[in-house]
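*Asks:*
In the numbering used here, the protein residues as written are 9 to 384.
Spelled out as structure tokens, the structure:
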């Protein structure tokens, strides 16, 4: 197994926009029990030992665990799948305010070489609106602490189209992020996920979503600003300096195999997909009893796999290589649901060049909506 994802579902507090599988940590003992269960799942894995290419600890807030716990989990991964070398991209997600120079140094020494910081904004009012527990100064300090700790590959997350956020405020966030000089930046348009506090407040009329026109202006401004600063736009929401694309996420986007461990984690191996219990207590209980934590398993149909290849391929800025797609699947991309392709053409969302088909900027902005039409 070359690509491993580790899910840590705990956080200090649930943010208003967050639709991920996460919840506040109940106690230190719960964290300890979870770590033991997680390492047991990894040890029980029947996948063959192989050269690790990427490992990613996501959440939740992985940095909420102690450096010792995180080091032990990474050690379990290495014991099962082989050592993480300099060539392996080993990422940990962290929130400012949950790390300091000492913890970051310990994490780097343990083998983590890529840090993804959940900054989200440098505006204190917007941070408060989102329910973030850090302030802008802590975000900046966390970045410089990470540099001092030895991290030479740092990614920042920012969110735009927030309620009350203007174009100038967004441009200020971009400027402050670029001043830090990270290797990678992810820029996410706010989505109102089901059962989140933001969605509830929106339904009650307490939150007003950003107008679509403003959201488009923000996206276009981001693309221009990032490009001018030397960052390549390679996926809908992702920008990177040369040689610093997220290799772990790229593996997802090209339909590669991956193993997920932890509560709610998904795995995909040779067309088979499965996921674990989302609830941490059910996950811990299953492994404590010697049972599998898998809650769902399915063998993807050929149609499902073609859909995912198109859906993920068109999220990439370079799009789909038509000849490679045809060689793998036996059909040209537009032979799958041709009526959807026609609709994309009629709305001027497509570009064709050099044997590839891709979404233009307007198409990328609306990708979540328009690509859903390809679903079988």
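For glycine and all other residues, C-beta sits at the position ideal for the given N, C-alpha and C.
Tell me the DSSP bridge mates of residue 328?
*Replies:* Indexing the chain shown from 1 puts residue 328 at position 320. The partner list for residue 328 (beta bridge, DSSP) reads 365.
*Asks:* With three or more beta-carbon pairs closer than 8 Å as the criterion, would you say the stretch 55–75 touches the stretch 246–265?
*Replies:* The stretch 55–75 vs the stretch 246–265: in contact.
*Asks:* Leaving out five residues on either side along the sequence, give the residues of the same chain with a beta carbon under 8 Å from the beta carbon of residue 137.
*Replies:* As a position in the chain shown, residue 137 is number 129, starting the count at 1. These residues qualify, in order along the chain: 24, 170, 171 and 172.
*Asks:* Please report the straight-line C-alpha distance between residue 370 and residue 377, rounded to a whole angstrom.
*Replies:* Counting from one through the chain shown, the residue named residue 370 turns up at place 362. Counting from one through the chain shown, the residue named residue 377 turns up at place 369. Between residue 370 and residue 377, the C-alpha separation is close to 12 Å.
*Asks:* DSSP has residue 62 in a bridge; who is on the other side?
*Replies:* Locating residue 62 in the chain shown gives position 54, where the first residue counts as 1. 11 and 97.
*Asks:* Using 8 Å as the Cβ pair cut-off and three pairs as the minimum, do the stretch 13–31 and the stretch 271–281 touch?
*Replies:* At 8 Å Cβ cutoff, the stretches touch.
*Asks:* Would you check if there are 3 or more beta carbon pairs closer than 8 Å linking the stretch 161–170 to the stretch 183–201?
*Replies:* These segments touch.
*Asks:* Give me the Cα-Cα distance between residue 252 and residue 126, rounded to the nearest whole angstrom.
*Replies:* In the chain shown, the residue the question calls residue 252 occupies position 244. In the chain shown, the residue the question calls residue 126 occupies position 118. Going by the C-alpha atoms only, they are around 18 Å apart.
*Asks:* In this structure, does DSSP put residue 125 in helix, strand or coil?
*Replies:* By one-based count along the chain shown, residue 125 stands at place 117. In the structure shown, residue 125 sits in a strand (DSSP, three-state: E or B).
*Asks:* Going by beta-carbon coordinates alone, are residue 341 and residue 318 separated by less than 9 Å?
*Replies:* One-based indexing of the chain shown puts residue 341 at position 333. One-based indexing of the chain shown puts residue 318 at position 310. Against a cut-off of 9 Å, the Cβ pair of residue 318 and residue 341 comes out as a contact.
*Asks:* In three-state terms, what does DSSP make of residue 23?
*Replies:* Within the chain shown, the letter at position 15 stands for residue 23. Three-state result, residue 23: coil.
*Asks:* Indicate the three-state DSSP secondary structure (helix, strand or coil) for residue 40 in the structure shown.
*Replies:* The residue given as residue 40 occupies position 32 in the chain shown. If DSSP states are grouped into helix, strand and coil, residue 40 belongs with the helices.
*Asks:* Check residue 265 in the structure and name its three-state DSSP category.
*Replies:* Translated into the one-based positions of the chain shown, residue 265 becomes position 257. DSSP places residue 265 in coil when its eight states are reduced to three.
*Asks:* Alpha carbon to alpha carbon, how far is residue 129 from residue 104? Give it in angstroms, no decimals.
*Replies:* Residue 104 sits at position 96 when you count from the first residue of the chain shown. Residue 129 sits at position 121 when you count from the first residue of the chain shown. Distance between the alpha carbons of residue 104 and residue 129: 11 Å.
*Asks:* For residue 122, I'd like the list of residues in its chain whose CB is within less than 6 Å of its CB, leaving aside the five on either flank, ordered along the chain.
*Replies:* To locate residue 122, count along the chain shown from 1; it is residue 114. These residues qualify, in order along the chain: 97, 99 and 161.
*Asks:* Would you call residue 300 buried or exposed, if buried means 16 or more other Cβ atoms sit within 10 Å of its Cβ?
*Replies:* Here residue 300 refers to the residue found at position 292 when the chain shown is read from its first residue. The residue in question, residue 300, is exposed, as its Cβ has fewer than 16 Cβ neighbours within 10 Å.
*Asks:* Going by the CB atoms, is the gap between residue 327 and residue 353 shorter than 9 Å?
*Replies:* In the chain shown, counting from the first residue as 1, residue 353 sits at position 345. In the chain shown, counting from the first residue as 1, residue 327 sits at position 319. Their beta carbons are not under 9 Å apart, which means residue 353 does not touch residue 327 by this criterion.
*Asks:* Quick one: residues in its chain with C-beta nearer than 7 Å to the C-beta of residue 315, no 5 flanking neighbours on either side, listed in chain order?
*Replies:* Counting from 1 along the chain shown, the entry for residue 315 is found at position 307. Same-chain partners within the cutoff: 382, 383 and 384.
*Asks:* Using C-beta distances below 8 Å, list every residue in its chain close to residue 368, excluding the 5 sequence neighbours before and after it, in chain order.
*Replies:* Taking the first residue of the chain shown as position 1, residue 368 is located at position 360. Hits under 8 Å: 356, 357, 358 and 359.
*Asks:* Counting Cβ pairs, one atom from each stretch, are 3 or more of them under 8 Å apart for the stretch 80–87 and the stretch 42–50?
*Replies:* The stretch 80–87, when compared against the stretch 42–50, does touch it at the 8 Å Cβ threshold.
*Asks:* Could you compute how far the alpha carbon of residue 289 sits from the alpha carbon of residue 76?
*Replies:* By one-based count along the chain shown, residue 289 stands at place 281. By one-based count along the chain shown, residue 76 stands at place 68. Cα to Cα, the separation comes out at about 22 Å.
*Asks:* Starting from residue 280, follow the beta strand (DSSP E) in both directions and report where the run begins and ends.
*Replies:* If you number the chain shown from 1, residue 280 lands on position 272. Element bounds for residue 280: 280–284.
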